[in-house]
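Contents: one structure, followed by commentary.
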Amino acid sequence: RRRGSLGSLQLQVKLRDETVLPSHCYQPLVQLLCQEVKSGCQDGQVHLVTLLDETTTAECRQEVAINLVKLFLGQGLVKEFLDLLFELELAKPCEPNTLFRSNSLASKSMESFLKVTGMPYLHFVLGPTIARVFEERKYVELDPGKVEIKDVGCSGLHRVQTEGEVIEQGRQHLQSYLGELLDAIVRSAPACPPLIRAAFRQLFQRVGERFPQHQHAKFVAVTSFLCLRFFSPAVMTPKLFQLRDAHADARTSRTLLLLAKAIQLVGNMEPAAGRAKETWLSPLLPALQQGTARMRDFITRLVGTEEDKGQEEGEGRPLGPPPAVVKEGLLLVHKTRGKGPLLAAAAGKKLHFCLTGESLSFGKSPSAERLGAIALGDILAAEKVEEKSFGSSHVMQVVYMASGGQQETAYLQCKCVNELNQWLSALRKVCGNNPRVLRSYHPGVFRGDKWSCCHQRDRTGLGCDRTRHGVTLQDWSDPLDPAVEAQRLFQHLQGLRGTLR
């Protein structure tokens, strides 16, 4: 092709020049923030959290919110932190029907909290319906201005579908998807993580106390986060929430947009109000009204579900790299000359991998019995592999010590470069304290009688490149690292010194 015929790519690059001190240097800031959160909102007292909300610009509020959420998750105080934000936000002049619709620190923090702690729950609820929409690729359109008229019928008996028929067919498809999705949502209360239920419960109570004459407002407050900031964006762009490997085509994207809009209208708890702006949604109104009633019942059960005593106590404990799942997903195991348990079990196959604070385990599917596991203490390195080795730019290698004492390497292919970086970030952080971590590795593979990267013939010799010990994406998918969050908050506050004075 001619040079320049493929279009152009615009990059936004940001350089951060920061001084990073030892972790203990940031402890006074962490202690101050924790003390504020523990003491709660007191009349006449200026909070550092309040100052952060008032002085943080819209451009960096999302990043600050993620830093704060992860910091307090690490301290076991995220529920108290969110409750303080709710109380401070509700103390401002506000209308019951527009609660938490702005991009305040409270709104951004709750949104980040849901992404950090609720992604497995999101996949559990939305996954089957999203998969069905992608597989069926049905034409769904309710807007008369966008309807495509097409021929229908068998050979020799073609006729043109009327606009009304196309819209009615689209309504049936969309109503089917919406019904399936609402069924999944209303059944999901017991599956919702206890920490998320606790956060919604205190939000529900705070809003009810603030607007006792508007009992409707406390339901809208919950759905403004659960539906408008969590479920609906994931339905609209499932790839960004790791529900799909690739973006949808134009037809599927339109179906997802309409389904996301329907979820938003149900979440508004007043579907008739949305119809005033887009009258072409009126054929869906009965389903939306029924969905609103079901959503109200679901919220009542969600905030009324009490955790058992063990779970209540567990909410206040710090979340380190816990037995909770840090990262999971399907990875292709490349066939090599290795003989470790992982290679013997699944060379050339896709397996479901699950990384926790204890091990990297693998099985045929999320619900299937685990075929094996590698203890974190046995993982020696997690590194990228040269593209020429397997013809892919998103293959990683996990170097580990097998049970027999020999060093083995598993080559695992991720579905995209973003997932590759997420896996490397997660593996390196949970294995960061392993004293046996290697200082060097081979970015290629050993084929024939030599390494493809450096052509060394000693298969067990020192690597030709140094290992790395960190990958961060600076978004909700990074594993917890409270020390890093404290450093970033300190750096942010340093930039606000003039304003804070």
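First residue of the sequence shown? That's 51 in my numbering, and the numbers climb one at a time after it. For each residue, glycine too, the CB sits at the ideal point set by N, CA and C.
For residue i, which three-state DSSP category applies?
i: residue 377; result: strand
i: residue 103; result: helix
i: residue 497; result: strand
i: residue 382; result: strand
i: residue 261; result: coil
i: residue 409; result: strand
i: residue 508; result: coil
i: residue 357; result: Unreliable placement is indicated for residue 357, whose pLDDT of 47 sits below 50; the coordinate value is still reported in the next sentence. Note: residue 357 maps to coil in three-state DSSP.
i: residue 490; result: strand
i: residue 151; result: coil
i: residue 279; result: helix
i: residue 518; result: coil
i: residue 548; result: helix
i: residue 365; result: Note that residue 365 scores 47 on pLDDT, short of 50, meaning its location in the model is unreliable; the coordinates nonetheless yield the value given after this. Three-state result, residue 365: coil.
Within the same chain, show all residues whose beta-carbon is closer than 7 Å to that of residue i, passing over the 5 residues directly before and after it, in chain order.
i: residue 404; result: 375, 378, 411
i: residue 269; result: 319, 346, 349
i: residue 187; result: 301, 302
i: residue 330; result: 192, 193, 194
i: residue 19; result: Nothing about residue 19 can be read from this structure; the chain reaches only from 51 to 551.
First and last residue of the alpha helix (DSSP H) that includes residue i?
i: residue 542; result: 532 to 545
i: residue 341; result: 335 to 354
i: residue 130; result: 128 to 140
i: residue 291; result: Element bounds for residue 291: n/a, residue is neither H nor E.
i: residue 273; result: 266 to 276
i: residue 302; result: 300 to 317
i: residue 117; result: 108 to 125
With burial defined as no fewer than 16 other Cβ atoms inside 10 Å of the residue's Cβ, what is the status of residue i: buried or exposed?
i: residue 398; result: exposed
i: residue 65; result: exposed
i: residue 210; result: exposed
i: residue 537; result: buried
i: residue 435; result: buried
i: residue 133; result: buried
i: residue 485; result: exposed
i: residue 548; result: exposed
i: residue 75; result: exposed
i: residue 558; result: No statement about residue 558 is possible, as the shown extent of the chain runs from 51 to 551 and does not include it.
i: residue 199; result: exposed
i: residue 69; result: exposed
i: residue 428; result: buried
i: residue 125; result: buried
i: residue 86; result: buried
i: residue 447; result: buried
i: residue 463; result: buried
Excluding the five sequence neighbours on either side, which residues of its own chain have a C-beta within less than 8 Å of the C-beta of residue i, listed in chain order?
i: residue 517; result: 431, 433, 487, 488, 489, 490, 491
i: residue 150; result: 139, 156, 157, 160, 271, 274, 275
i: residue 121; result: 80, 83, 532, 535, 536, 539
i: residue 115; result: 155, 158, 159, 161, 162
i: residue 457; result: 430, 449, 450, 451, 510
If you follow the beta strand (DSSP E) that residue i is in, where does it begin and where does it stop?
i: residue 403; result: 400 to 405
i: residue 425; result: 420 to 425
Report all residues from its chain with a CB closer than 6 Å to the CB of residue i; omit the five preceding and five following residues, and keep chain order.
i: residue 103; result: 155
i: residue 232; result: 341, 344
i: residue 164; result: 280
i: residue 236; result: 344, 348
I want to check one thing, is the minimum distance from the CB of residue i to the heavy atoms of the ligand NAD below 7 Å?
i: residue 507; result: In terms of ligand content, the structure shown is empty, and the ligand NAD therefore cannot be addressed.
Segments of 4+ residues assigned as alpha helix (DSSP H) that fall wholly inside the region 165 to 238: Counting whole runs of 4 or more residues, the region 165 to 238 contains the alpha helix (DSSP H) stretches 213 to 236.
Within the region 57 to 99, ranges of the beta strand (DSSP E) (whole runs, at least 3 residues): Within the region 57 to 99, no complete beta strand (DSSP E) run reaches 3 residues.
Uninterrupted alpha helix (DSSP H) stretches inside the region 431 to 475 (no shorter than 4 residues): Listed in chain order, they are 437 to 440.
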